[in-house]
Each structure stands twice: as C-alpha cells, then as structure tokens.
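Notes for the one structure printed next.
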Ligand code: SF4
C-alpha cells in the first residue's frame, strides 16, 4: 500500500458520505432479517454453531497432519499442490503456472485470498489480463476499487451507481438502473471473457483432506464457469480452509449460507476432485492448488488467538456490526474489514500497522452472537488491545506495544489506585460531583460533548446516600 | 441456563461506579425494591468499580487489582445484586477469565456465581409482583448489549414492565443495536460513537414514547445526552427508579 493507513481520516470520510451510509443501512438491515428468518429456532441454531465450532477446532488442532493428507489425496487425484509462505511467493507461483501455459487472459471467481495477495495488480503489471466474474467483483473492478465486504463486494453501491459505472466503463452501454438489464449487460460482457480465457482462478471454501476435493460455494455460476471453461484452473486458499472429512461439510455449509446471505443452500455447490478425465465433456486439463500461509502459522501457534482461524468467511459479523454498518469496508484500509478484520488484520500485518483497528468496537458482542464458528471476537479484541498497550517486550503479536502511551498507562494506574483505596475513591467522587460542570470540554470530555450534553454528576454519591439513609455496611 | 437460588435473607448491593457518581437515585431505588421484597440489603462502603473500563481497554493488570478489591469487599456468600447488565456481565462472565492463572481464581469463580442483575433477581428469585399506582404513560425499552448478550435478561425486563398496568411499551426500532457507548469507545472513536448514538436517539424519539427505560446507566447517560444535544424532548430513566416511583406512590 502506497499511502500510510490513516484510520481516522477514513472514518471521517465514510461518515460524511450520506449515500454510503444509506446504502449500508439498507443492505445490512436486509441481511440481518434474512438470517433471522432462516435461523428462527434458537436451540437448533445453537446446536449447529456448536457443531461448526467443534469441527473447526478439531481441524485446527491437527492442521499440519490434515494439510499433508490433503496434499497426498489431491496429488493422487491429479491436482498439483503448491505451498506459499508469503503472498509474494503465491503471486510468483500463479504467474509461473500461467507462463508455463503461455496464458495471458485470466478469468477469476471470487476469492478473498487473491485480494490478500493483491493478485490482480501483480498480474496486470506482468502483462496478464484479469477479468473478475463475480458480479460484485466485476462492478468494483470496473470502478477500480477493492471489495467493501467479504461476501458482497459491491454492497456499498446502489443500482444507480452501478448503472453509471457500466455506462462509463463498458463501451456502447446505455445508462440504466434497471436490474435485469444491468444483469444482462454484465452477462454479455462476461460470456465473451469465459470463451477467450486461457485460465481460470478461484478461491476455495472447503478443501477436503479425506478425498482431495476442492469445494466452492456460489450463487451465480460464474465460479463454475471459471473452473470448467478454460483449460487451466488455479485455486488459491489459506491453509486454514482445510476440512477433515466430507461429512464435516454439511453443518458448516448449512451455517455458512444461512449466516452469509440467509439462504438454506446456494444455487451452486461445486466439488472439484480432478482435472478432466478421458471421455468427460468439460473441465480443465490441469488444476493447481496454492496453499497460502501469510502469517497463519503464527496465529495457529497461540492457543487463544488460534480461534481467529475458525472463521469460515461468512461475513455475518460484518452484517451485524454497528461500526461496519456505519463506516463501510473501505475505511478499514485492509483486505478484511469489520469484526473479523479487526482481529485478523493486526495479526497478519502487525499491531504497529493496524492496531488502531482494535479500538473500533464498542464490544457490544453482536459479532460473537452471530458468528457460526463461535469465535469470541470481543475477547480476542481485548487480548489484542492489551498487546497494543503492552510495555515493550510483553506480548507475542507482531508490533506489540506499538500503541503504548505513557499518559494513558499512567491514567489507568491512577484509576486503579483510586478504585482500590476507598478514601481516595470517596474524595474523587466528591470532587467530580462538585467540579463536574466546571471542567473544560477538552480531551475525553470534549469528545463526549461533541455529540452529547455534559453528563450531570450527583451532589451526593450512592456511597454517601447509603450511609445517610441507613443502609447496612457489612 | 442459569440456576437460581432460593430467596435468601441477606443480599449485597453493588452500586457500580456510574450509579455512584451520576445516578444514585437509581441505586437507592434498587435497594428499596429489594428491601420491599423482605431482604436485608448490605452495601459495603469499600466497594468501587467492577474493573470493566480497564479490562475492555486492555489494561488487564489494573482491571484485576480493582476486581480483587471487590472480591475482598463482598466476603460472605450472599448474592451480589447489580443494577447494570454491563457490570453484572463483567463480574459474572469475565471475572473467571480475568483471574485465570491467578491464586484468586477460585475465589473469583465463586464470586462470579453469586452475581445477579437486579431485575433478574427481582423476577427469578423474589418473584416480584408489581402494583402500578402511576398515571398512564408510554415507554420504550433500550436493552444494553451486555444485559442482552452477556446476561440474557431482556425478556425479564420486558416482563417486569408488562406488570405495570398503566404503562404501554412500544418497541424501539433496531432494538438489538448498540447505542455506541462502549465505555472508552465513546472517547477513543468519538465520531463512530456519535453516529451510533444519534441514530439510537432518533429511533427512540420516533417511537413517540414519553420515557426511555434501560437497565444500564452507561447507555442512559449516552442516549439522554444525545437526545438533549439534539433538542429532542424525551426523558430517560433507569428501570429500577421508574418501577420504584410507580409502585411506591
Ligand atoms: S468471524 Fe465468524 S461471523 Fe465473521 S466472517 Fe468469520 S465465521 Fe463469519
């Protein structure tokens, strides 16, 4: 990223954009209702969530073994498996595979890992033409923007804005905001891309170790086009995407679609087990799977933070987050926005770079309440906050201690002293009651009063009232 | 699911720092309600804060020492009643985590089991019945996130309001959404917090209710402060104070 990450500036910009806030409020409210309608039986939902959590934990507990098994079985099936420690390595792998096939035109299905790699940018710089085919990705690729949401990348645009983008960037396209018409325009453009493409790239929702199968969950059919029409298919996945057995898929898939879009199932569920076999009428001649680490092993090594990797990328925590809903995905300045982004990004890129993100939560627990994998996001935020503020040398996450301010640390020490010394506490409460409305509106009080009137403090504390009104003390 | 004890003779009252400083009337109302149920209420004068502000800010050592002070201040095995879902959630759900690996772990664990939110205790343990003596009024209810998601008591609060004959409850739009207080969040991310509380205040005002009720003084201070700032004429009250006023006339 060229510019330094300035979260505050991003937030202010997003909050000032009325259109953006309106688009988000409408879209997210809809997702919340749809999920709720589908998961209407709380007991059933809790059972499913517990099952998904158990599956994800079991998987992570034996991840190295499962990855080995996955590689073995994929290889047996004729899928080439590659390992990438860093995003640079992963990008280089993609390019070398494309080059060895003289491929210059790539169609892409939706993949957050490819966003993590900044793959499009990299490939285009090396002369490869990249076409996003997921409708949302297609829209934002035309607009030159990164995704705003991990499931619905163009959720921040309404149909009028989409119509304008098409009109501006696609030749001979009239201005319209009619949804069927917009769909038809996208379809026409994309059909040609599939026919011309030398290679297709996709993400992976589940990589089944037991059978060496790559599963793809989608609604538009473009994923299937990317993985079957061109002669070469490259799949990219984070190493945590492995799943042990076929039977593990059911509960995870069930909650993935319910949490993401409020669907019982999706229109397409692709299971890719091998390249095209003799006599088969479609499918690629060659399949490559690139497994990316990019910091995941470090996350895995910490028993508490490991829970981050339970994520199945459903986006539900985004849909329910009052902060995400107000500022949108771009404000987060990194690939993964919202609650999952707040815990994942600082671990991936370091607390010094993205530690600020951990402060953007009121810890309301809405994300934890809906997360299908039961990731305790608020607890992990607290853990990261404590590492952000830690004295140097304490903590394990990269960049720990980056947010430490001596003033703040001293304030909390003072707070501790007051709250463990009854006499001081009494005095402090009294002073606050007496001076409260005379304190200047600067610092925290100023921040508070930017949107609220001055808090009214009581002349007599509850401590004092209890003494005076005869409530027993011990 | 929580298992509730038999109604005891004595209970402790934990006032919370915000009630202590800004809403002592709500605290006194809570104490009087418990006494009216025939309980002896003890308010240890050594108590202070549950430790949540530091805990949520990532200052775990400071939070633990303040929490330890509370362990010391409530020595007998009586229930500890808290007029705040948020502080109750801190003491009930988070103390065991905060004391993991600490010599006081088991003491903290036992303590956390004794913590009840006020309305929860009044309904589940005391089986309180309310006789409304007030004039007809329309209210709306704001559930604090922690009352809802850590203590699971929203149904209880609404049942309690439902016992008041002359009170009509109208639902707040997007009731499930946070008001934007979040302790230090409101000063660390003031712009986002302001956007959230403005939306909440507008939604509350739109209900047309005269009074906004809640079981948390943090939310109350946040929302009423925004209502005032926006010039929207609506009052806010802690549920304990509201109930006490209407049933003790
Ligand atoms: S953290 Fe949970 S809710 Fe958020 S995207 Fe991941 S699985 Fe979904």
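Residue numbers (UniProt numbering), protein chains in the order written: chain R, 1 to 474; chain V, 1 to 249. Yeah, the Cβ is synthetic: ideal placement off N, Cα and C, and Gly gets one too. Please read all numbers here as calculations on a predicted model, not as lab measurements.
A direct Cα-to-Cα measurement between residue 158(R) and residue 179(R) gives close to 10 Å.
For residue 201(V), same chain residues with a beta-carbon under 7 Å away, outside a window of 5 residues either side, are 223, 226, 227, 230, 232 in chain order.
Straight-line spacing of the CA atoms in residue 319(R) and residue 325(R) works out to 7 Å.
Counting every other CB atom within 10 Å of its CB across the protein chains shown gives residue 406(R) a total below 16, marking it as exposed.
Excluding sequence positions up to five before and after residue 327(R), its CB lies within less than 6 Å of the CB of 11, 14, all in the same chain and listed in chain order. Counting every other CB atom within 10 Å of its CB across the protein chains shown gives residue 3(V) a total below 16, marking it as exposed. A distance criterion of 7 Å places the beta-carbon of residue 49(V) beyond contact range of the ligand SF4, judged by its closest non-hydrogen atom. Residue burial is scored here from C-beta neighbours: residue 236(V) has at least 16 other C-beta atoms within 10 angstroms and is therefore classed as buried. Interface annotation, residue 469(R): in contact with chain V, CB-CB separation under 8 Å. Within the DSSP bridge table, the entry for residue 215(R) names 206(R), 271(R) as partners. For a Cβ distance threshold of 7 Å, residue set 149 of chain V lies close to residue 369(R), ordered along the chain. Here the C-alpha atom of residue 207(V) lies approximately 7 Å from the C-alpha atom of residue 140(V).
Proximity to residue 313(R) across 238(R), 21(R), 427(R), 26(R) peaks at 238(R), based on C-alpha coordinates. For residue 222(V), the C-beta contacts it makes with chain R under 8 Å involve 452, in order along the chain. For residue 198(V), the chain R residues whose C-beta falls within less than 9 Å of its own C-beta are 451, listed in chain order.
Here the C-alpha atom of residue 144(R) lies approximately 32 Å from the C-alpha atom of residue 80(R). Between residue 181(V) and chain R, the shortest Cβ-Cβ separation is below 8 Å. When only Cα atoms are considered, residue 232(R) and residue 130(R) end up about 14 Å apart.
Rounded to the nearest angstrom, the gap between the Cα atoms of residue 151(V) and residue 18(V) is 19 Å. With respect to residue 112(V), residue 96(V) sits close: the two C-beta atoms are nearer than 8 Å.
In the DSSP annotation of this structure, the continuous segment of the alpha helix (DSSP H) that includes residue 105(V) starts and ends at 105–113. In this structure, residue 217(R) sits near residue 256(R), with a CB-CB distance shorter than 8 Å. Under the DSSP assignment, residue 36(R) falls in the alpha helix (DSSP H) whose first and last residues are 18–38. Annotation for residue 138(V): the continuous beta strand (DSSP E) segment containing it runs 137–142. In the DSSP assignment, residue 68(V) falls within the unbroken alpha helix (DSSP H) covering 60–73. Sequence-distant Cβ neighbours of residue 352(R) in its own chain, meaning closer than 7 Å and more than five residues away, are 399, 402. Beta-bridge partners assigned by DSSP to residue 447(R): none are found. Within the same chain, Cβ atoms closer than 8 Å to the Cβ of residue 115(R) are found at 146, 147, 335, the five residues on either side in sequence being excluded. Taking a beta-carbon distance threshold of 8 Å, residue 12(R) counts as an interface residue toward chain V.
Listed in chain order, the non-local C-beta contacts of residue 93(V) below 6 Å within the same chain comprise 150, local neighbours out to five positions each way being set aside. Beta-bridge pairing by DSSP links residue 132(R) to 108(R). Bounds of any beta strand (DSSP E) do not take in residue 336(R), whose DSSP letter is neither H nor E.
Taking 8 Å as the CB threshold, residue 447(R) lines the interface with chain V. Residue 85(V) has a beta carbon lying at 8 Å or more from every beta carbon in chain R.
Distance from residue 307(R) to residue 380(R) at the Cβ level is roughly 7 Å; contact confirmed, criterion being Cβ atoms closer than 8 Å.
DSSP places residue 370(R) within a helical segment (H, G or I) once states are collapsed to three.
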